[in-house]
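Novice: Input: one structure, supplied below.
Numbering (the working numbering), first residue to last: 560 to 741.
Dropping the structure here:
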């Protein structure tokens with residue numbers, strides 16, 4: 560009997576030591592929930608008129624957060640001018656919020672804009688939007704990128720895109736052509 564009691568006590572102590580603490584259990588739950596929330600359900604759709612104010616907001620906030628863009632915020636009228644004759648695609652979260660957008664001038668296979676809300680950058684949305692934009696290009700897509708926009712250039716290089724050798728100049732600074740590999 561006595562041996563059995565010791566075994567039971569030993570097992571109880573072992574279970575106590577192996578059982579995660581309440582703090583560890585809470586941390587695991589937070590991590591599990593965070594992982595679930597870090598991979599939200601996004602869908603890509605064409606932008607409608609009601610989506611444009613959110614796109615303008617993303618455009619302004621993303622440029623303000625970046626180190627390579629100067630200048631004042633734009634309004635809806637200016638945004639419409641910037642994206643005139645372009646197909647505008649948006650990434651929409653299941654909660655209805657727009658996480659980013661891409662605009663494509665389809666006749667030239669030119670990706671003109673790709674902006675991601677700073678709150679969801681590095682979540683895969685840029686790749687998702689770039690892939691959709693590329694599907695709407697007849698020839699290998701290309702875009703212009705400021706030379707000082709190192710983050711964007713690294714992103715496109717990670718996708719296997721090729722940078723041109725010769726920089727060009729605009730009012731925003733020196734830029735280069737970046738082309739998708741065919």
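Where a beta carbon is used, it is the ideal one built from N, C-alpha and C, also for glycine.
Nearest-angstrom Cα distance between residue 577 and residue 657?
Specialist: As a working note, residue 577 is residue 18 in the chain shown. As a working note, residue 657 is residue 98 in the chain shown. Here the model assigns residue 577 a pLDDT of 48, short of 50, so the residue's position is not dependable, and the following value carries that caveat. When rounded, the distance between both Cα atoms is 45 Å.
Novice: Using a Cβ-Cβ distance cut-off of 8 Å, determine whether residue 721 contacts chain D.
Specialist: Given the protein chain composition of this structure (a single chain), no chain D is represented.
Novice: Please report how far the alpha carbon of residue 729 lies from the alpha carbon of residue 703, in whole angstroms.
Specialist: Taking the chain shown and counting its residues from 1, one reaches residue 729 at position 170. Taking the chain shown and counting its residues from 1, one reaches residue 703 at position 144. So the alpha carbons of these two residues sit roughly 11 Å apart.
Novice: Measure the CB-CB distance between residue 701 and residue 675 and report whether it falls below 8 Å.
Specialist: Working through the chain shown from its first residue, we reach residue 701 at position 142. Working through the chain shown from its first residue, we reach residue 675 at position 116. Not in contact: residue 701 and residue 675 (Cβ atoms no closer than 8 Å).
Novice: If you draw a straight line from the alpha carbon of residue 592 to that of residue 637, how long is it in whole angstroms?
Specialist: Residue mapping note: residue 592 aligns to position 33 of the chain shown, counting from 1. Residue mapping note: residue 637 aligns to position 78 of the chain shown, counting from 1. For residue 592, the predicted model reports a pLDDT of 46, less than 50, meaning its position is unreliable and no value from the coordinates is stated.
Novice: Could you please give me the residues that DSSP links to residue 663 through a beta bridge?
Specialist: Position 104 of the chain shown, counted from the start, is the residue given in the question as residue 663. Note: residue 663 sits in a beta bridge opposite 646 and 670.
Novice: May I ask you to list the residues that DSSP assigns as paired with residue 738?
Specialist: The residue you call residue 738 lines up with position 179 of the chain shown. Beta-bridge pairing links residue 738 to 701 and 721.
Novice: Could you tell me the distance, in whole angstroms, from the CA atom of residue 741 to the CA atom of residue 733?
Specialist: Counted from its first residue, the chain shown places residue 741 at position 182. Counted from its first residue, the chain shown places residue 733 at position 174. If you take the alpha carbons of residue 741 and residue 733, they lie about 26 Å apart.
Novice: For residue 648 versus residue 713, is the C-beta spacing smaller than 8 Å?
Specialist: Locating residue 648 in the chain shown gives position 89, where the first residue counts as 1. Locating residue 713 in the chain shown gives position 154, where the first residue counts as 1. Not closer than 8 Å, so no.
Novice: In chain order, what residues of the same chain have a beta carbon less than 8 Å from the beta carbon of residue 534, not counting five sequence neighbours either side?
Specialist: Outside the shown range of the chain (560 to 741) lies residue 534, about which nothing can therefore be said.
Novice: Looking at the structure shown, is residue 636 part of a helix, part of a strand, or coil, going by DSSP?
Specialist: What you label residue 636 is simply residue 77 of the chain shown in a count that begins at 1. Reduced to three states, the DSSP call for residue 636 is helix.
Novice: Which residue marks the beginning of the alpha helix (DSSP H) containing residue 625, and which one marks its end?
Specialist: In the chain shown, counting from the first residue as 1, residue 625 sits at position 66. Neither: residue 625 is in no alpha helix (DSSP H) and is coded neither H nor E.
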